[in-house]
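Asks: Residue numbers for the sequence shown follow this note's numbering, so the first one is 554 and each next one is one higher. For each residue, glycine too, the CB sits at the ideal point set by N, CA and C.
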Amino acid sequence: MHIFAHSKMNSMGATNKLNYVKNILDNMPNDWLKLTTHRLDIYDESRAKVQFTEQLEVLFAAADARMPSLAALPTAYDYIRLGHPLSCLLEWAMADRYQLPHGQVISFSSQTMPILAVLRANLLQRKKTRVVVQGKLPNTFDTDVVREVYGYNFDLVQANASETLPAFEGSTILVSDGDMHDTTTYTQFSQGVDFWVNNVAGRGSVLLVSDASYVSDIQHVRRRETIAMTPANCLAVLQAMVKGAAVAPLDNSPADKARTRHYIKEITGAPTDALVGSSGLSVQYAIMMGVVHYANQNHRGKDIKFVVPTNCYGGTNDQARRVAACMDHVEVVDLAVDGDSNMVQSIDAVLDTIAAADAVPFIIAEIPTNPRVEVPDLEALKAVLAKERKTAAGAIAIDPVFILDQTFCPNVRFLGEGEILSTVRALSYASGSKFPSGGKCTAGYVVGNALTVELMQHIGQHLSLCDNEATALQYALLAEQLPSMNERIAAAYMHTRSFVNFIAQALPTAKINFVSEQLAERGFTPSVFSLDLPTKGETEEEKEACKRKLNHKLIGMMITQIPQESKYCVSYGQLQGCYWTIPATSTQGTTKEGDKDYIARVALSGNMDLAKHQAVFAQFVKEIG
554 MHIFAHSKMN SMGATNKLNY VKNILDNMPN DWLKLTTHRL DIYDESRAKV
604 QFTEQLEVLF AAADARMPSL AALPTAYDYI RLGHPLSCLL EWAMADRYQL
654 PHGQVISFSS QTMPILAVLR ANLLQRKKTR VVVQGKLPNT FDTDVVREVY
704 GYNFDLVQAN ASETLPAFEG STILVSDGDM HDTTTYTQFS QGVDFWVNNV
754 AGRGSVLLVS DASYVSDIQH VRRRETIAMT PANCLAVLQA MVKGAAVAPL
804 DNSPADKART RHYIKEITGA PTDALVGSSG LSVQYAIMMG VVHYANQNHR
854 GKDIKFVVPT NCYGGTNDQA RRVAACMDHV EVVDLAVDGD SNMVQSIDAV
904 LDTIAAADAV PFIIAEIPTN PRVEVPDLEA LKAVLAKERK TAAGAIAIDP
954 VFILDQTFCP NVRFLGEGEI LSTVRALSYA SGSKFPSGGK CTAGYVVGNA
1004 LTVELMQHIG QHLSLCDNEA TALQYALLAE QLPSMNERIA AAYMHTRSFV
1054 NFIAQALPTA KINFVSEQLA ERGFTPSVFS LDLPTKGETE EEKEACKRKL
1104 NHKLIGMMIT QIPQESKYCV SYGQLQGCYW TIPATSTQGT TKEGDKDYIA
1154 RVALSGNMDL AKHQAVFAQF VKEIG
């Protein structure tokens, strides 16, 4: 089957659907455009998007586009990096236009990541790929780097709409900047195209997939290495669709980009200019591919080791292993950092082993750790990172690069002159959907110290190649919110400290993981803590089951009694309210089962009714006895 074998549409049905889409756009809830994270208590991850589109079809059949009906639709995804109502609506409408199942239409914020997604899948399947370009590839798509660094092999063919494609033993990707309202151009390729990347006027792209077996792999790339087309850009594309007009040009403001970089430099004190991406994970992917590229050039023939905490953010663990899966010379090394393990001692031991093997070490770690909010001895950490080590042959080993996920405490300065990590090679990155934007958008940024200028150049190259730079709206929102970030962090910390102290008094048998007051005085002022509730039972299994039941009881009480403020959501750093989640079933979704934390993670803001949350917690303590 090829994409356009059934592309002649029922014009009446298509018209009806577009009219319905227009009505939706006129009546849609504000949340569709503005929320970055959605409620976990009404979200079934196993049926992400499916529940939404099934109910959307019911509303379409009833010609119901009223706001209350739209607001009652199931949560499509828990987080807009993965997808959201407007991306689902766009994919639903495009699927109808090209007579494909809606799951086989996937929108991207990037124009190159859909190509890379197919190339990755075919690399692992040992399948050939032909990339047919009608017009030109995105300027950032460096074919030599894609082949040499990513390891993706493909034939590149320039073609026009009048040509008939010769037979090809493998997959064919069509890349086009054509008019999305004109299907006739693409029907000429109907017997030779397996994937169509339709680039949309600087807004991203829409990928059409003929073989459903690829969908899961492609969605995983969108989940981990890039993002779905943003709500604002989806809205612009949908508005153009219903009007039968060209997509409106983007209003890019160089001033917003410059202001964002200025504020990040001011906050971090780092000497390098910030690289700003579409999400924290897209920045992290650029970091990983950038340092691999750097190592390939500067340490030819040597193995690369990504050292990653076993129980860190699941997306980090998963992404590192996905990068390693594509390259024979890249391996992930586990790092024990929490609980009974000491991060500094663990790093010291791991670096000794890597040095003996004469490999290239890149360490990714969170400070404070997630979700247990622990901070290592930073002087000891610096000493271990700076320590000269020897290979098995007695040569000086390659020094490590410390890649710091600073999302929990982005206000702490690590990299500037005289700061704790200024004398060892270190990078710092943060998710922009947390404190930097206050939850107004996905984004992310990375900065480096004075020793990482070349590394930052490589990272910037891969952020650009993947077309994962922040969008115009993301820059605008960051420029708006970053000036108040440190004040918001301070206010949220004060609420969190008060709540933690209250819990300690109300339920002294609970284990609370939060920074000490001594660490807070040094600038580590997160607004997130984890709560390990006291449990009962004769066996470990009974105790664990009881604890999990108590977690759900507490969260259930909070979100039902304080629904306007208390939410079951995965994020933190929000502008208002309190977010609750269980890391083992959310942020640690891809972490190995034995390393998961079945505890409650609580994220407070500086704008919430703290007294009411304390009152509900007191009621919870009373009910559990």
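Indicate the three-state DSSP secondary structure (helix, strand or coil) for Gly1178 in the structure shown.
Replies: Here residue 1178 corresponds to residue number 625 of the sequence shown, with the count starting at 1. The answer is coil: DSSP assigns Gly1178 none of H, G, I, E or B.
Asks: DSSP three-state call for Arg1041: helix, strand or coil?
Replies: If you number the sequence shown from 1, residue 1041 lands on position 488. Looking at Arg1041 - three-state DSSP - the assignment turns out to be helix.
Asks: Following the continuous alpha helix (DSSP H) through Ile668, name the residue where it begins and the one where it ends.
Replies: Your numbering for residue 668 matches position 115 in the sequence shown. It spans 666-678 - the alpha helix (DSSP H) in which Ile668 sits, taken as one unbroken run.
Asks: Can you check whether the CB of Ile595 is closer than 8 Å to the CB of Leu623?
Replies: Translated into the one-based positions of the sequence shown, residue 623 becomes position 70. Translated into the one-based positions of the sequence shown, residue 595 becomes position 42. Going by C-beta atoms, Leu623 is not nearer than 8 Å to Ile595.
Asks: Going by Cα to Cα distance, which pick from Ile771, Leu672, Ser899 is closest to Ala659?
Replies: Taking the first residue of the sequence shown as position 1, residue 659 is located at position 106. The displayed chain sequence assigns Ile, not Ala, to residue 659. That would be Ile771, whose Cα lies nearest to the Cα of Ile659.
Asks: Roughly how many whole angstroms lie between the Cα atoms of Arg700 and Tyr838?
Replies: For the purposes of this step, residue 700 is taken as residue 147 along the sequence shown, with counting starting at 1. For the purposes of this step, residue 838 is taken as residue 285 along the sequence shown, with counting starting at 1. Using only the alpha carbons, I get a separation of about 17 Å.
Asks: Tell me the rounded alpha-carbon separation between Glu919 and Thr863.
Replies: Along the sequence shown, one-based indexing puts residue 919 at 366. Along the sequence shown, one-based indexing puts residue 863 at 310. Answer to the nearest angstrom: the Cα atoms are 11 Å apart.
Asks: Just checking my contact of Phe859 with Ala878 at CB under 8 Å: how many whole Å lie between their CB atoms?
Replies: Numbered from 1 along the sequence shown, position 306 holds the residue referred to as residue 859. Numbered from 1 along the sequence shown, position 325 holds the residue referred to as residue 878. The Cβ separation is near 12 Å, so there is no contact.
Asks: Using beta-carbon positions only, say whether Arg634 and Tyr1121 come within less than 8 Å of one another.
Replies: Position 81 of the sequence shown, counted from the start, is the residue given in the question as residue 634. Position 568 of the sequence shown, counted from the start, is the residue given in the question as residue 1121. Contact: no.
Asks: Could you name the residues of the same chain whose beta carbon sits closer than 6 Å to that of Gly656, not counting the 5 residues immediately before and after it, in chain order?
Replies: Against the sequence shown, residue 656 aligns to sequence position 103. Here the set comprises Val768.
Asks: Along the chain, which unbroken stretches of the alpha helix (DSSP H) at least 4 residues long are found entirely within the stretch 602-628?
Replies: Those alpha helix (DSSP H) runs which fall completely within the stretch 602-628 and span 4+ residues are 603-614, 620-624.
Asks: Does the Cβ of Glu644 have 16 or more other Cβ atoms within 10 Å, making it buried, or fewer, making it exposed?
Replies: Within the sequence shown, residue 644 is the residue found at index 91, counting from 1. Flag for Glu644 reads buried.
Asks: Is the separation between the beta-carbon of Val885 and that of Ser899 shorter than 8 Å?
Replies: Residue 885 sits at position 332 when you count from the first residue of the sequence shown. Residue 899 sits at position 346 when you count from the first residue of the sequence shown. The answer is no: Cβ separation not under 8 Å.
Asks: Assign His1166 to buried or exposed, taking buried as 16 or more other Cβ atoms, counted over all protein chains shown, within 10 Å of its Cβ.
Replies: The residue labelled residue 1166 in the question sits at position 613 within the sequence shown. Classification of His1166: buried, given that the 10 Å Cβ count is 16 or more.
Asks: Using C-beta distances below 6 Å, list every residue in its chain close to Ala785, excluding the 5 sequence neighbours before and after it, in chain order.
Replies: Translated into the one-based positions of the sequence shown, residue 785 becomes position 232. Cβ neighbours of Ala785 beyond the five flanking positions: Leu1026.
Asks: By the three-class DSSP mapping on this structure, what secondary structure does Glu919 have?
Replies: In the sequence shown, the residue the question calls residue 919 occupies position 366. If DSSP states are grouped into helix, strand and coil, Glu919 belongs with the strands.
Asks: Which of helix, strand or coil does DSSP assign to Gly1159?
Replies: Here residue 1159 corresponds to residue number 606 of the sequence shown, with the count starting at 1. Reduced to three states, the DSSP call for Gly1159 is coil.
Asks: Which residues bound the beta strand (DSSP E) around Pro862?
Replies: Residue mapping note: residue 862 aligns to position 309 of the sequence shown, counting from 1. Here the beta strand (DSSP E) through Pro862 covers 857-862.
Asks: Note the first and the last residue of the continuous alpha helix (DSSP H) segment covering Ile771.
Replies: Mapped onto the sequence shown, residue 771 falls at position 218. Looking at the DSSP string, the run of the alpha helix (DSSP H) that includes Ile771 is 768-777.
Asks: Any chance you could list the beta strand (DSSP E) runs of at least 3 consecutive residues sitting entirely within the stretch 835-904, in chain order?
Replies: Counting only runs of 3 or more, we get 857-862, 883-888.
Asks: Going by C-alpha to C-alpha distance, which of Pro654, Thr1078, Ile973 sits closest to Ala939?
Replies: What you label residue 939 is simply residue 386 of the sequence shown in a count that begins at 1. When each option's Cα is compared against that of Ala939, the closest is Ile973.
Asks: Shortest alpha-carbon distance to Pro929 belongs to which of Asp1020, Ile1177, Ala1156, Ser1069?
Replies: Against the sequence shown, residue 929 aligns to sequence position 376. Looking at the Cα atoms, Ser1069 is the closest of the given residues.
Asks: Can you name, in chain order, every residue of its own chain whose Cβ lies under 8 Å from the Cβ of Cys1131, other than the five neighbours on each side?
Replies: As a first step, residue 1131 must be located in the sequence shown, where it is residue number 578. So the list reads Met1111, Ile1115, Glu1118, Ser1119, Lys1120, Val1155, Ala1156, Leu1157, Ser1158, Met1161, His1166, once near-sequence residues are dropped.
Asks: Answer with buried or exposed for Glu927, where buried requires no fewer than 16 other C-beta atoms within 10 angstroms of its C-beta.
Replies: To locate residue 927, count along the sequence shown from 1; it is residue 374. Per the 10 Å Cβ criterion, buried.
Asks: Whose C-alpha, out of Ala648, Ile820, Asp764, is nearest the C-alpha of Leu571?
Replies: Locating residue 571 in the sequence shown gives position 18, counting from the first residue. Checking every option, the nearest Cα to that of Leu571 belongs to Ala648.
Asks: Within the present structure, is the beta-carbon of Cys962 separated from the nearest heavy atom of the ligand COA by less than 7 Å?
Replies: Questions concerning the ligand COA fall outside what the structure shown contains, since it holds no ligand whatsoever.
Asks: Using the beta-carbon count (16 or more within 10 Å), is His637 buried or exposed?
Replies: For this step, residue 637 is matched to residue 84 along the sequence shown. Looking at its Cβ environment, which holds 16 or more other Cβ atoms inside 10 Å, His637 is buried.
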